[in-house]
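For reference, the structure discussed in these notes is given below.
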Amino acid sequence: MIFGAKGFFESLKNLKLSQKGLVLLALPLALEILCIAILYAFVLQSESQARAQARSREIVATVNNCEHAAIKIMLSVATLYMSRSPYASRGIRANSDSFWKYAGQVETLIKDDPEEMKLLKVATTSADALFKALMNYTRRIESEESGSTISTVLSLGEIRRKTEDCVGDVSGSLNEIIAIEQAKAFSHNFDEETRDKIKLALLAILGMNVMVAIALQVYFSRDTISRLNVLIDNSLRLSQQKSLLPPVGGADEIGKLDRVFHEAAGALAKAQRAERAIVDNALDVICSLDKDLKFDTINPACNAVWGFEPEELQGKRMLTLVVPDDVEKTLEAVEKIKANKTGEPFENKIKTKSGPNKIMLWTAQWSEPEQVLYCVAHDVTAAREVERMKQEFVQMISHDLKTPLSSIQMSLDMIGRGMYGELAETGKDRLEAATRNCNQLIALINDLLDIEKMQAGKLQLELESASSAVLIEEAVETVRGFAEKHNVSLAKEAQDIPVFVDKKRMIQLLVNLMSNAVKFSPDGEVVTIGSNMKEGTLDRVEVYVEDHGRGIPRDQLERIFDRFAQVETTDATEKGGTGLGLAICKAIVEAHEGSIDATSEVGKGTRFTITLECAGP
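Heads up: the sequence shown runs through residues 795 to 1411, numbered per the working numbering.
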């Protein structure tokens, strides 16, 4: 029994919590159902016995009535013998009818009992023979004027004796039926011993039910709570980066959760090792600062960038490394990050251990619960130096190249007009080539200056409401001569939609797009420019330029808006242009908070679409 119970409890470990709950509910419930079943069976048996006893009592009562009717017949015969009155025969008939009525009822009640039916048959056979003799005798008496003749007296005495004998036989058979039914009724009674056994069985099952319920509750509580405590302990160990306790086992949800927890802990440890490897080998300085901006943790990159070992900086204020002129700016940036929980990157200069200062670009995230500022500092010293050199280069282009080129352009123009004498045909060809090259250099310089202004955010827009149709008309007129030179037609499909733009820059954008479309269109083709409301919107307008040229390969669509991007390497020499036109177009559109995109199919043409906001009514 003990080993069986142990095996039972061991098997419970493989169940789910929901299944264990069912077991906890099902076993006591099964015992309760067993108690109810026993009680119900007892009730059914009691009802059956009660019905049997009632039937026996009904049979006994009916048999008694039948016997009483037979006795009354005997008494009526005795009365007839004493009085010899014809009126006594009426009592015999009435009692005879009663006898047969009750005999019929008894037959109905005992028809399923062969033994009792046999006894009833004996009684009714005797009674039938007696009643026939009595009926003959009573008819004879009633036909005579007097019942005092010798023959009548002799017959009456014989009838009396025969009646007594017959009634005795009938009573004997009926009494046997009564005895059988009384024995049956007695057999249907529960004795005290049976009742005691039923009570003990019910009490035993009830006690077992209580014990099983308590045992299951204790087992489940102890098993579940102990394993949950292990899970709680493991969660604390994981937060403290300690080794976890062994798995709790089991196939239920707690066991599965524990296995998932161990797997998650392993994955987390692996991720932490990977993160540590990334942080330790990162080129940027990665650190955390407390609320006083003291270094809490810092990766080894600080040695390569600033010349300090991580141990030298831990516990030291970050502001001690910042040059004095940038301390206030750094504090303001940090306070802004703390207030907004995030902020824009900020720059400052950091004093290195030995060497020149470094310009650092900081990105930071403030954690309010931990009161820690997580930072990544990127060395942008070289990038800022490149920007400085680029600005000097742009200034050099603007002052040292554009001005002389403008003078050269003017001189070439004067020579072309013959102000310094007539040129030979060869000289004119050379002059035309020089003028073309000079104009191309000046255009390149202007494009470079424009795009630098745009990307530096120095492009000043003079926004005003303008009609898209009017802008397209002016752009078409500007490009018309260029299109005619290339034998390309221009078509307009413009709707009159108000837009809020810088008219000069928007016309420059449209001219760039149309010039490109004309350059890459075959002779005799048409370049279409138009405007319409963007489908599905009420406040956005689309301006498009579409050609039927060679198209742009799908893999180059994303880079055509980059600086100096050319679809083919020969485009710059064969088609002309600086490769900056589309980059300038994109910068102008983005300055208007719009968008530009291109769709193309090789061999069929290209469509550039600009999306802008309507100016409103």
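Glycine included, C-beta positions come from ideal geometry on N, C-alpha and C.
Item: For Phe-1089 and Met-1112, which I take to be in contact (beta-carbon distance under 8 angstroms), what is that distance rounded to the nearest angstrom?; Value: 6 angstroms
Item: For Ser-842, count neighbouring C-beta atoms within 10 Å of its own C-beta (all shown protein chains included) and say buried if the count is 16 or more, exposed if not.; Value: exposed
Item: Do Val-1321 and Val-1339 have their C-beta atoms within less than 8 angstroms of each other?; Value: yes
Item: Where does Ile-1323 fall in DSSP's three states?; Value: strand
Item: To which residues of the same chain is Ser-890 closer than 7 angstroms at the C-beta, ignoring the five residues directly before and after it?; Value: Ile-867, Phe-925
Item: Could you spell out where the alpha helix (DSSP H) holding Asp-1119 opens and where it closes?; Value: 1118-1134
Item: Between the Cα of Gln-1108 and those of Trp-1100, Asn-1097, Ile-1092, spot the shortest distance and give me the residue it belongs to.; Value: Ile-1092
Item: On a CA-only basis, which of Lys-1085, Arg-1031, Val-1273 is nearest Lys-1132? Give me that one, please.; Value: Lys-1085
Item: Helix, strand or coil for His-1342, going by three-state DSSP, please let me know.; Value: coil
Item: Using beta-carbon positions only, say whether Ile-1390 and Cys-1379 come within less than 8 angstroms of one another.; Value: yes
Item: Give the DSSP-derived three-state secondary structure of Leu-1257 in the structure shown.; Value: strand
Item: Hey, could you find the ends of the alpha helix (DSSP H) Ile-1301 is sitting in?; Value: 1297-1313
Item: Let me know the secondary structure DSSP gives Phe-1089 once reduced to three states.; Value: strand
Item: Considering only DSSP beta bridges, list what Met-1415 is partnered with.; Value: Since the displayed the chain opens at 795 and closes at 1411, residue 1415 lies outside it and no answer follows.
Item: Considering only C-alpha positions, which residue in the set Asp-1027, Ala-824, Lys-1147, Lys-895 is nearest to Ile-999?; Value: Ala-824
Item: So, with DSSP's three-state summary, where would you put Thr-918?; Value: helix
Item: Just verifying my parser: in three-state terms, what is the DSSP assignment at Lys-1286?; Value: strand
Item: For Ala-1218, report the span of its beta strand (DSSP E) as first-last.; Value: Premise fails: Ala-1218 is in no beta strand (DSSP E) and is neither H nor E.
Item: Secondary structure at Ala-1392, three-state DSSP: helix, strand or coil?; Value: strand
Item: Within 10 Å of its beta-carbon, does Arg-1021 have 16 or more other beta-carbons around it, so buried, or fewer, so exposed?; Value: buried
Item: Quick check on DSSP: helix, strand or coil for Phe-1276?; Value: helix
Item: To the nearest angstrom, how far is it from the Cα of Asp-922 to the Cα of Ile-992?; Value: 51 angstroms
Item: In this structure, how does DSSP classify Phe-1355 when only helix, strand and coil are distinguished?; Value: coil
Item: Would you mind working out which of Ala-1098, Thr-1157, Leu-1374 sits nearest Ala-1127, comparing C-alpha positions?; Value: Thr-1157
Item: Start and end of the alpha helix (DSSP H) containing Ile-1291?; Value: Segment: none, Ile-1291 is in no alpha helix (DSSP H) and carries neither H nor E.
Item: Are the beta-carbon atoms belonging to Ala-927 and Lys-956 less than 8 angstroms from one another?; Value: yes
Item: Leaving out five residues on either side along the sequence, give the residues of the same chain with a beta carbon under 7 angstroms from the beta carbon of Pro-1347.; Value: Val-1396
Item: If you draw a straight line from the C-alpha of Lys-895 to the C-alpha of Cys-860, how long is it?; Value: 8 angstroms
Item: What does a CB cutoff of less than 6 angstroms around Lys-1143 pick up in its chain, not counting 5 residues either side in sequence?; Value: Val-1117, Asp-1120, Asn-1151, Ile-1153
Item: In the DSSP assignment, what residue or residues form a beta bridge with Arg-1334?; Value: Glu-1407
Item: Mapping DSSP to helix, strand and coil, what is Ser-940?; Value: At Ser-940 the pLDDT is 43, less than 50, meaning the model places this residue with poor confidence and gives no usable figure here.
Item: For Arg-1067, count neighbouring Cβ atoms within 10 angstroms of its own Cβ and tell me buried if that reaches 16, exposed if not.; Value: exposed
Item: Starting from Ile-1080, follow the alpha helix (DSSP H) in both directions and report where the run begins and ends.; Value: No alpha helix (DSSP H) contains Ile-1080, which is instead part of the beta strand (DSSP E) from 1079-1083.
Item: Out of curiosity, what's the CA-to-CA distance linking Phe-803 and Val-1006?; Value: Because the pLDDT at Phe-803 is just 48, under 50, the model does not fix this residue reliably, and the value given afterwards should be weighed accordingly. So the alpha carbons of these two residues sit roughly 12 angstroms apart.
Item: So for Phe-1102, helix, strand or coil by DSSP?; Value: coil
Item: Suppose you measure from the CA of Glu-1219 to the CA of Leu-1199; what does that come to, to the nearest Å?; Value: 24 angstroms
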